[in-house]
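There are 2 protein chains.
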Amino acid sequence: MSILLLTRPQPPELFSEALRALLPGETLWESADAADAAAVEAIIAWQLKPGVLLRYPNLRLICATAAGVEKITAMPDLRDNVMVMRVVDPLVNTGLAQYVLLMALRHMRSLQLFEAQQRAHDWTRHRPPDPYSLTAGILGMGEVGRTVAAALQIAGFNVRGWSRTPKDVPGIAMSDGADGLRSCLAQSNYLVCALPLTPQTRGLLNRDTLAMLPRGAYVINVARGGHVVEPDLVALLDSGHLGGAALDVQDTEPLPPASPLWDHPAITITPHIAAQASVATVSAQFAANWQRLRAGRSLVNVIDGTLGY
Amino acid sequence: MSILLLTRPQPPELFSEALRALLPGETLWESADAADAAAVEAIIAWQLKPGVLLRYPNLRLICATAAGVEKITAMPDLRDNVMVMRVVDPLVNTGLAQYVLLMALRHMRSLQLFEAQQRAHDWTRHRPPDPYSLTAGILGMGEVGRTVAAALQIAGFNVRGWSRTPKDVPGIAMSDGADGLRSCLAQSNYLVCALPLTPQTRGLLNRDTLAMLPRGAYVINVARGGHVVEPDLVALLDSGHLGGAALDVQDTEPLPPASPLWDHPAITITPHIAAQASVATVSAQFAANWQRLRAGRSLVNVIDGTLGY
Chain W
541 MSILLLTRPQ PPELFSEALR ALLPGETLWE SADAADAAAV EAIIAWQLKP GVLLRYPNLR
601 LICATAAGVE KITAMPDLRD NVMVMRVVDP LVNTGLAQYV LLMALRHMRS LQLFEAQQRA
661 HDWTRHRPPD PYSLTAGILG MGEVGRTVAA ALQIAGFNVR GWSRTPKDVP GIAMSDGADG
721 LRSCLAQSNY LVCALPLTPQ TRGLLNRDTL AMLPRGAYVI NVARGGHVVE PDLVALLDSG
781 HLGGAALDVQ DTEPLPPASP LWDHPAITIT PHIAAQASVA TVSAQFAANW QRLRAGRSLV
841 NVIDGTLGY
Chain R
541 MSILLLTRPQ PPELFSEALR ALLPGETLWE SADAADAAAV EAIIAWQLKP GVLLRYPNLR
601 LICATAAGVE KITAMPDLRD NVMVMRVVDP LVNTGLAQYV LLMALRHMRS LQLFEAQQRA
661 HDWTRHRPPD PYSLTAGILG MGEVGRTVAA ALQIAGFNVR GWSRTPKDVP GIAMSDGADG
721 LRSCLAQSNY LVCALPLTPQ TRGLLNRDTL AMLPRGAYVI NVARGGHVVE PDLVALLDSG
781 HLGGAALDVQ DTEPLPPASP LWDHPAITIT PHIAAQASVA TVSAQFAANW QRLRAGRSLV
841 NVIDGTLGY
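Going down the list, the protein sequences come from chains W and R. Numbering (the working numbering) for the first sequence: 541 to 849. Numbering (the working numbering) for the second sequence: 541 to 849.
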C-alpha cells in the first residue's frame, strides 16, 4: 500500500524526502505514471484533474497542500469513503497577514505617490491618515481571518469581522449573515476576503456588495479568485467608487496574459504568493493523520463535505 | 503673558484654534513678527533658528512638536531655566510602526519584483521566506522602538532590541553597549533605527557598524538623518554587502534635488512622513503642562538636558 505525491508545481521529491524520514517503510510515488494505481491509499495534492480519482479504487485519504480545498472537495468523483484533510499551518496564516498588511499599508500610506515623488526628486510632505481613523473589515474569521485581524489591529486599523454564521471573536466587533455583511461592508475602508470558497461564498463580492463599501475603499483578496466577480470589481474601480484592489488570487490561475486585470492602474496582481505551507509542515501533518488511520483512530483537520471547509 | 506658535510647516492657525478651547484667555501669537517678545512665556515649535531664543527673556517652556528634540535641546542659546517638553503620542508610535512594517514587508515579500512581473503580465510564483526565518534588530527601545518591536513580531519577524544602556523589555531579546551592538547587528536582516539623536548616537551607523550586518541586510531609518553616515551607507549598498535602505529622514532636509540618494536603485527616500503628532494631541499635552506650570507643579515629558531625550 502506498502514497502518491501530486504536489506539482511544488517538487514531489521534497515531500518524499521528508516523508521517508517520518514514515519509513511506506512506498512513495512521485508521479501518477510511476504509481501502481491499485496500491494507492493516500494522495498528497495541490489540485486534482477531473476524473483522476477513478483510477484509485483503494484510496482512503487525500491531503490538500493548499489552505483552499474547494478544488478537491468539489470533485464529483470523490467517493464518500475518501477523507480529505487540510494542513493547518500557523506560519501560513502569518504569511497571509504579511501580505494583507503590506497591501493595506502601501495604499494607506500612499507608497506609490512617494515613489513617484522620489523619481521626480520631490520632497513634498503629505500628512498620513491618523492611525485608527480607518477600518478594515475581514470576511471570514477562521484561523486566517483571526491572524489577519490581530496584525491589522496592531498596525493601526480599526478591525471588524464578518462570518456567514454567528461567531464570537474576543476583541473584534463581529457581525454575521446578510444584514451583518451589509453593515460590515458599509464601514470597511479596507476589505479583506479570507473566506473558504463554497457554493455560498462564490461570487459574494459582486456589483451589489462591493457598492456597499465606502467610496475609495480598497479590496484585498487572499482567499480564492471565485469570491470576486472580476468584471464587477473593474466596473466599480472605473466608476471611481472603489480606490483599488490587490488580488493575490484570480478566477483563472495562472492569470492569462491577455487578462484586462494586468494593466488596470488600480489593481495589483500577484501570482498566488501570499502564503504557502512548508513541505515540512505538510509532511508532518499528513504523516500524523496517516498513522492515526493505520491505527484505526479518528483523524484531525478533516474537511466537512457538507460545509466544504 | 502669552504663547508663541512657531509650528510651520504645520499651520499655526490649527494650533491656535485648538489651544483657544483648551486655554481660554491666554494670548496666542501665530508668528514671531506679530508677538510681543517680552511677553512670550511659551513657544510651541517644530524647530528653531539659531539665536531666536535670545529674543524672549521671559521664556519658561518650549514644546517640541516632533518626537526628535535634538534641534531644540542642542541650541547654545537655550537657558537652564527654560524647560523643553516633548509630546508623547501613542499614535505617532503606531504611525512609525506602520512605516517600518511597510518597508520591511515590501522588501521581504519582493513587492518590487511582483510589480515588475505585473507590468510584463508574468504570473511566475516565487516562494516567500518562511515567517520567523528572518530577524529585525531595533536600535533604541524607547516608546517608539517597543511599538515597532510588537508590530514586527506579529508580522512574522524575530525581533531583537538594542539600547545604549541596559534595558529590560518583556518578550524581546535585548542587548546593550558596544559589544551588544555588534551582536545585534550581526543577526539583523532588517535594521531599524529608532534612537534619539545625541552626541553619542550621531553617525552610529557608519562603514564599520553597517558592515557588521549580515549580507543583504535592509536598513530602515525612522529616527534622524544624522544617525546614518550617508556616504558609508551608499558604499556598502554599492559593494553589494547591504540589500537596500528606506530613509524617511536624511542628514539635510528637505533632501536637496541634487542629492545622489534620490536615484540610488536600492534606496527609498520619503519626505519625513513616517509619523507626525496630531494637532489635537500636541495642543492637549502642551496645555496640560502649561496649567501645571501656572499652578507651580512639576511638568511631565520634560527633556533631560544631559541625556538629550
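A virtual CB, placed ideally from N, CA and C, is assigned to each residue, including glycine. As the structure is a prediction and not an experimental result, all values here were calculated from the model.
Within chain W, the residues whose beta carbon sits less than 8 Å from that of S818(R) are D670, listed in sequence order. When only Cα atoms are considered, A718(R) and H647(R) end up about 28 Å apart.
Think of a sphere of 8 Å around the beta carbon of L631(R): the chain W residues whose beta carbon falls inside it are D670, P671, Y672, G696, in chain order.
Every unbroken stretch of the alpha helix (DSSP H) spanning 4 or more residues and falling wholly within the stretch 643–680 of chain W is given here in chain order: 651–659. Proximity to S823(W) across R700(W), A585(W), S571(W), A572(W) peaks at A585(W), based on C-alpha coordinates. With a cutoff of 8 Å on beta-carbon distance, A578(R) and L544(R) are scored as not near each other. With a threshold of 16 other beta carbon atoms within 10 Å, D803(R) falls short and is exposed. The CB of T634(W) comes closer than 7 Å to the CB of P671, G696 in chain R, given here in chain order. The C-alpha of I760(W) lies about 8 Å from the C-alpha of D788(W).
Counting of Cβ neighbours within 10 angstroms places S838(W) among the exposed residues, the total staying below 16. Taken in chain order, the complete alpha helix (DSSP H) segments of 4 or more residues contained in the stretch 775–845 of chain R are 819–834. Of all residues in the stretch 640–651 of chain W, those with a C-beta nearer than 7 Å to a C-beta of chain R are L641, L642, L645, R646, R649, L651, reading in chain order. I612(R): member of the alpha helix (DSSP H) spanning 610–613, first to last residue. Look at I813(R): its C-beta is under 8 Å from a C-beta on chain W. Under DSSP, M625(R) forms a beta bridge with C603(R), V842(R). When rounded, the separation of the alpha-carbon atoms in Y758(R) and L750(R) is 10 Å.
Within chain W, the residues P811, I813 have their CB atoms less than 9 Å from the CB of H666(R), given in chain order. Boundaries around V684(W) are those of the alpha helix (DSSP H), 683–694, since no beta strand (DSSP E) includes it. Along the stretch 789–807 of chain W, going in chain order, the ones with a CB nearer than 7 Å to a CB of chain R are P794, L795, P797, W802. By DSSP's assignment, W569(R) forms a beta bridge with L544(R).
With fewer than 16 neighbouring CB atoms inside 10 Å of its own CB, T705(W) falls in the exposed class.
By alpha-carbon distance to G783(W), the top candidate from S650(W), R700(W), D629(W), K707(W) is S650(W). DSSP places Y730(W) within a strand segment (E or B) once states are collapsed to three. In the three-state scheme derived from DSSP, where H, G and I count as helix and E and B as strand, G701(R) is classed as strand. Between the alpha carbons of I678(W) and L731(W) lies a distance of about 6 Å. Counting along the chain, the unbroken alpha helix (DSSP H) around A561(R) starts and ends at 552–562. Excluding residues up to 5 positions away in sequence, A578 lie with their Cβ nearer than 7 Å to the Cβ of P597(R) in the same chain. Distances from the CA of M714(W) to each of P800(W), A691(W), G682(W), L737(W) were compared; the closest alpha carbon is that of G682(W).
If you check the CB distance, E570(R) and P552(R) come in under 8 Å. Secondary structure at D772(W): helix, using DSSP grouped into helix, strand and coil.
Rounded to whole angstroms, D791(R) and L737(R) show a C-alpha spacing of 11 Å.
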